[in-house]
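S.K.: One structure is given below, represented as structure tokens, and several questions about it will come after.
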């Protein structure tokens, strides 16, 4: 009887997960906002835009994601997300000129500073910096 109940509940969970849409930036921000209000803590964001060099092959552009996957290994990262520029409707305030963006959340400014000088981070920069022509970093404190 217990096994049947477990299977019944599990199949319902699988169906619910299958019906759940992919994570969107809005859902990520909503989740972080809820957690911040519960904990009354600040969250540090590290937002980076990358413009890759012109003339790279599609394979090289796609292989650049290895940079982000290496960065995931740095300790004290709360969460890490990356992606390509969206093909959103052009407007005066929209800048889709970058190739990739990176959004990393940290619990403290100390964690961000540790990340910035961590050997994994530095090695990844050394390995992948040959691909970019421009990088812009925005660090923020979310309340």
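Residue numbers (mature numbering (1 follows the signal peptide of the UniProt record, and there is no 0)): -26 to -1, 1 to 117. Every residue gets a Cβ at the ideal spot worked out from N, C-alpha and C, and that includes glycine.
1) Between the alpha carbons of residue 67 and residue 105, how many angstroms are there, rounded?
2) Give me the DSSP bridge partner(s) of residue 57.
3) On the DSSP bridge list, what partners appear for residue 20?
4) Need the endpoints of the alpha helix (DSSP H) that residue 86 sits in, please.
5) Measure the alpha-carbon distance for residue 33 versus residue 89 and round it to whole angstroms.
6) Give me, in chain order, the residues of the same chain whose beta-carbon lies closer than 6 Å to that of residue 28; leave out the 5 immediate sequence neighbours on both sides.
7) Taking residue 36 as the reference, which of 107, 57, 112 has the closest Cα?
8) Compare the Cα-Cα distances from residue 40 to each of 62, 17, 94, 109 and report the closest residue.
9) Under 6 Å from any heavy atom of the ligand SAM, does the C-beta of residue 90 make it?
10) Please report the distance separating the alpha-carbon of residue 10 from that of residue 17.
11) Once DSSP output is grouped into helix, strand and coil, what is the label at residue 28?
M.R.: The relevant details are as follows:
1) Approximately 27 Å between the Cα atoms of the pair.
2) Bridge partners of residue 57 according to DSSP: 75.
3) Answer is 78, 113.
4) Segment 83 to 91, the alpha helix (DSSP H) holding residue 86.
5) Roughly 28 Å separates the two Cα atoms.
6) Within the same chain, residue 28 has no close Cβ partners at all.
7) For residue 36, the closest alpha carbon among the candidates 107, 57, 112 is that of 57.
8) Measuring C-alpha to C-alpha distances from residue 40 to each of 62, 17, 94, 109 identifies 94 as the nearest.
9) Absence of the ligand SAM is noted for the structure shown, with no ligands found whatsoever.
10) Because the pLDDT at residue 10 is just 48, under 50, the model does not fix this residue reliably, and the value given afterwards should be weighed accordingly. Computed Cα separation, rounded: 7 Å.
11) In the structure shown, residue 28 falls within a coil segment according to DSSP collapsed to helix, strand and coil.
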